[in-house]
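Have a look at the structure below before the remarks.
Protein chains: 2
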Amino acid sequence: MKLTILGCYSATPRTLNNTTSQVLEINNHMFLIDCGEGTQVQLRKHKIKFNRIKHIFISHLHGDHFFGLVGLISTFRLLTREADLHIYGPKGIKEVVTLQMKLADSWTNYKLIFHELTSENSELIFEDDLVEVHTIPLNHRVYTNGFLFKEKEGDRKLDINAVEAANINIAYYTKLKQGFNVKNNDGVLIDNKKVTTPANKPKSYAFCSDTMYKEDIVPIIKNVDVLYHESTFLEKHAHLGPKTKHSTAKEAAKIARLANTGTLLLGHYSTRYDGLKAFKEEAQEVFNNVELSEDGKTFEFN
Amino acid sequence: MKLTILGCYSATPRTLNNTTSQVLEINNHMFLIDCGEGTQVQLRKHKIKFNRIKHIFISHLHGDHFFGLVGLISTFRLLTREADLHIYGPKGIKEVVTLQMKLADSWTNYKLIFHELTSENSELIFEDDLVEVHTIPLNHRVYTNGFLFKEKEGDRKLDINAVEAANINIAYYTKLKQGFNVKNNDGVLIDNKKVTTPANKPKSYAFCSDTMYKEDIVPIIKNVDVLYHESTFLEKHAHLGPKTKHSTAKEAAKIARLANTGTLLLGHYSTRYDGLKAFKEEAQEVFNNVELSEDGKTFEFN
Numbered sequence: 002m003k004l005t006i007l008g009c010y011s012a013t014p015r016t017l018n019n020t021t022s023q024v025l026e027i028n029n030h031m032f033l034i035d036c037g038e039g040t041q042v043q044l045r046k047h048k049i050k051f052n053r054i055k056h057i058f059i060s061h062l063h064g065d066h067f068f069g070l071v072g073l074i075s076t077f078r079l080l081t082r083e084a085d086l087h088i089y090g091p092k093g094i095k096e097v098v099t100l101q102m103k104l105a106d107s108w109t110n111y112k113l114i115f116h117e118l119t120s121e122n123s124e125l126i127f128e129d130d131l132v133e134v135h136t137i138p139l140n141h142r143v144y145t146n147g148f149l150f151k152e153k154e155g156d157r158k159l160d161i162n163a164v165e166a167a168n169i170n171i172a173y174y175t176k177l178k179q180g181f182n183v184k185n186n187d188g189v190l191i192d193n194k195k196v197t198t199p200a201n202k203p204k205s206y207a208f209c210s211d212t213m214y215k216e217d218i219v220p221i222i223k224n225v226d227v228l229y230h231e232s233t234f235l236e237k238h239a240h241l242g243p244k245t246k247h248s249t250a251k252e253a254a255k256i257a258r259l260a261n262t263g264t265l266l267l268g269h270y271s272t273r274y275d276g277l278k279a280f281k282e283e284a285q286e287v288f289n290n291v292e293l294s295e296d297g298k299t300f301e302f303n
Numbered sequence: 002m003k004l005t006i007l008g009c010y011s012a013t014p015r016t017l018n019n020t021t022s023q024v025l026e027i028n029n030h031m032f033l034i035d036c037g038e039g040t041q042v043q044l045r046k047h048k049i050k051f052n053r054i055k056h057i058f059i060s061h062l063h064g065d066h067f068f069g070l071v072g073l074i075s076t077f078r079l080l081t082r083e084a085d086l087h088i089y090g091p092k093g094i095k096e097v098v099t100l101q102m103k104l105a106d107s108w109t110n111y112k113l114i115f116h117e118l119t120s121e122n123s124e125l126i127f128e129d130d131l132v133e134v135h136t137i138p139l140n141h142r143v144y145t146n147g148f149l150f151k152e153k154e155g156d157r158k159l160d161i162n163a164v165e166a167a168n169i170n171i172a173y174y175t176k177l178k179q180g181f182n183v184k185n186n187d188g189v190l191i192d193n194k195k196v197t198t199p200a201n202k203p204k205s206y207a208f209c210s211d212t213m214y215k216e217d218i219v220p221i222i223k224n225v226d227v228l229y230h231e232s233t234f235l236e237k238h239a240h241l242g243p244k245t246k247h248s249t250a251k252e253a254a255k256i257a258r259l260a261n262t263g264t265l266l267l268g269h270y271s272t273r274y275d276g277l278k279a280f281k282e283e284a285q286e287v288f289n290n291v292e293l294s295e296d297g298k299t300f301e302f303n
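Written out as structure tokens, the structure is:
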């Protein structure tokens, strides 16, 4: 599981700070999460192949999370993309994108599939053999969802020496990987656990931005390996949290502790602060394993 | 008259190439012309004060000319702008901006005034004591206007030695600047031309992008000091011009020659070419005084 931060600052793009966008590589998928203005340039800069992106998840319709979307869609068109593109986001996202295509008289030559979200409860919005994606309803000034990405339990791994020693026909290997006991060439039933080892532990990633402190999300993200939780403010501006519906670094850490998260990743920093050190320090008063998002930084979680 | 090129490439923003946007300083106005994605970051980079921009002119609703507009409007809001902002552009521009403000539940605290354009003929769209702005109807795949910016004839200049020698009361200086003959302290009528010198020659700038070769614009831009004319293609791709409704460098030069332009400024280059030298060379086969737009370049025309 690999996460590339394309932008992690709040409000407005600046010369050196990009607004929210990230790429999550998980079980061969490449998911784009949020798409602030300039995301397409950040994707180029970090040499992320446009064609690998087939699913884009938009948390909410504030500009710093989606003003780059229509440009990216338009660039895909100019590059003669053919693959379908799925877009998950709040109701209204389809209207705003299609209006712009209509005004430009520039319709995509690939299929654009919108999945508009309206539920106030967590729901499964994507699933295949490898991965599930669930929404995480957040509390912000407009309708907002975080997203929970979960690998599915993979196949068990063959212990090839043990399999051969047990004299099992190659035709049964798939069954073994699926966890079944099988008979060997001598008709003896072989205990699966003696010839296979467990699958890799499925990994999970929760993206929670933008939101004020919301304990309701804890059951949804319980035991997640990595939690990205917005931390717009430091403690000295905690009073702005409820007003603007954002969180402090400490509040993000409280959620991480309650949810028994592996790693907490902070981000969506207000640009009023010089440097990010204090965000980490304040979060670590509550929760130990804290990392700082930074534009262009890549995290590998294995 | 000073022009700053924020972006001058066609189609999509790239790591080093920005899409169309320019700032024209003329007679104390600071006009923003077109606003591709990333324009707000380019404005910051070139230290252009946001508050000095009171008028934005959008040629057409293709993304590489306007996807940065809504982000800029939103950033002005976040920076608590108070001054009115006038936006001139094709019909539809108001709907697309206001839809995004509605979805974000983020209305501007300053006054946003849209001037939607629909005419197929050149029209006067802005005028004050110092400057006029006219549309230049272009021929592109969607409804498109260029813009002609014209300084008005300013005041005559006092020859202060001559004025004092002529014994003219200071109360008449404004009249003198306006070109009137006035009586001096001895009651003698003084010929204005003897105590003043002509005003600076009013300057003019025409922005023509995007368009295929269109001779109809020549009477509108006749004798303009500086003509920016798009030159998407080199001669070897001239066949793409009518199809995509763009021009070659040579066609831009033909327009400049017919219009008796002072300087021709090329831009809106396709990113398929390595370097810009050939654009200038091909244009100079037809018209001598050619300059190349480049992102970040500033031209002073005095």
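So the protein sequences, as listed, match chains A and L. Residue numbering for the first sequence follows my numbering, beginning at 2 and increasing consecutively. Residue numbering for the second sequence follows my numbering, beginning at 2 and increasing consecutively. Every residue gets a Cβ at the ideal spot worked out from N, C-alpha and C, and that includes glycine. Quick caveat, the model's predicted, so the values are computed rather than measured.
With a cut-off of 8 Å on the beta carbons, I'd call residue i and residue j a contact; round off their distance for me.
| i | j | result |
| --- | --- | --- |
| Gly39/A | Gly37/L | In fact, because the Cβ distance is near 11 Å, the residues do not count as touching under 8 Å. |
| Ile88/L | Leu62/L | At roughly 12 Å, the Cβ-Cβ gap does not stay under 8 Å, so Ile88/L and Leu62/L are not in contact. |
| Phe208/A | Gly147/A | 5 Å |
| Lys237/A | Ala260/A | Contact doesn't hold; Cβ gap of about 26 Å is too wide. |
| Phe181/A | Asn162/A | In fact, because the Cβ distance is near 20 Å, the residues do not count as touching under 8 Å. |
| Thr145/L | Ser60/L | 5 Å |
| Tyr174/L | Leu159/L | 6 Å |
So, using beta-carbon positions, are residue i and residue j closer together than 8 Å?
| i | j | result |
| --- | --- | --- |
| Leu86/L | Ile49/L | no |
| Gly297/A | His47/A | yes |
| Leu177/L | Val189/L | no |
| Asp156/L | Asn168/L | no |
| Gly72/A | Gln43/A | no |
| Ile6/L | Ser294/L | yes |
| His240/L | Ile256/L | no |
| Glu292/A | Thr272/A | no |
| Thr21/L | Arg45/A | no |
| Leu235/L | Thr262/L | no |
| Glu121/L | Lys95/L | no |
| Gln41/A | Val97/L | no |
| Ala12/A | Leu79/L | yes |
| Gly311/L | Ser232/L | Missing from the structure shown is residue 311/L; chain L here goes from 2 to 303 and no further. |
| Ala84/L | Gly64/A | no |
| Tyr274/A | Tyr10/A | no |
By Cβ distance, which residues of its chain are closer than 7 Å to residue i, with the 5 residues on each side in sequence left out?
| i | result |
| --- | --- |
| Lys215/L | Leu139 and Asn140 |
| Thr81/A | Asn110 |
| Leu25/A | Leu4, Phe32, Ile34, Phe150 and Tyr206 |
| Arg258/A | Val287 and Phe288 |
| Ser107/A | Ser75 and Arg78 |
| Pro243/L | Met213 |
| Lys55/A | Ala84, Asp85, Leu86 and His87 |
| Pro14/A | Thr20, Gly37, Glu38 and Gly39 |
By Cβ distance, which residues of its chain are closer than 6 Å to residue i, with the 5 residues on each side in sequence left out?
| i | result |
| --- | --- |
| Met2/L | Ile27, Lys204 and Phe302 |
| Glu124/A | Thr136 |
| Lys281/A | Val291 and Leu293 |
| Thr299/L | Thr5 |
So what does residue i bridge to, in DSSP terms?
| i | result |
| --- | --- |
| Glu128/L | Glu133/L |
| Leu159/L | Thr197/L |
| His56/L | Phe32/L and His87/L |
| Phe300/L | Leu4/L |
| Glu152/A | Val132/A |
For residue i, which residues of its own chain have a beta-carbon under 8 Å away from its beta-carbon, when the five flanking residues on both sides are left out?
| i | result |
| --- | --- |
| Asn185/L | Ala167, Asn168, Ile169, Asn170 and Ile191 |
| Lys153/L | Asn28, Asp130, Leu131, Val132, Glu133 and Pro203 |
| Glu286/L | Lys251 and Ala254 |
| Lys246/L | Asn140, His141, Arg142, Asp211, Thr212 and Met213 |
| Gln179/A | Asp156 and Arg157 |
| Glu283/L | Leu235, Glu236, Thr249, Ala250, Lys251 and Ala254 |
For the stretch 231 to 294 of chain L, which segments carrying the beta strand (DSSP E) assignment without a break, of at least 3 residues, lie completely within its bounds, in sequence order? Within the stretch 231 to 294 of chain L, the complete beta strand (DSSP E) segments at least 3 residues long are 264 to 268 and 291 to 293, listed from N- to C-terminus.
Whole runs of the alpha helix (DSSP H) within the stretch 77 to 150 of chain L, excluding any shorter than 4 residues: The stretch 77 to 150 of chain L contains these whole alpha helix (DSSP H) runs: 94 to 104.
Within the stretch 3 to 39 of chain L, ranges of the beta strand (DSSP E) (whole runs, at least 3 residues): Here the runs fully enclosed are 3 to 8, 22 to 27 and 30 to 34.
Any beta strand (DSSP E) of 3 or more consecutive residues that is wholly inside the stretch 174 to 230 of chain A: Within the stretch 174 to 230 of chain A, the complete beta strand (DSSP E) segments of 3 residues or longer fall at 205 to 209, listed in chain order.
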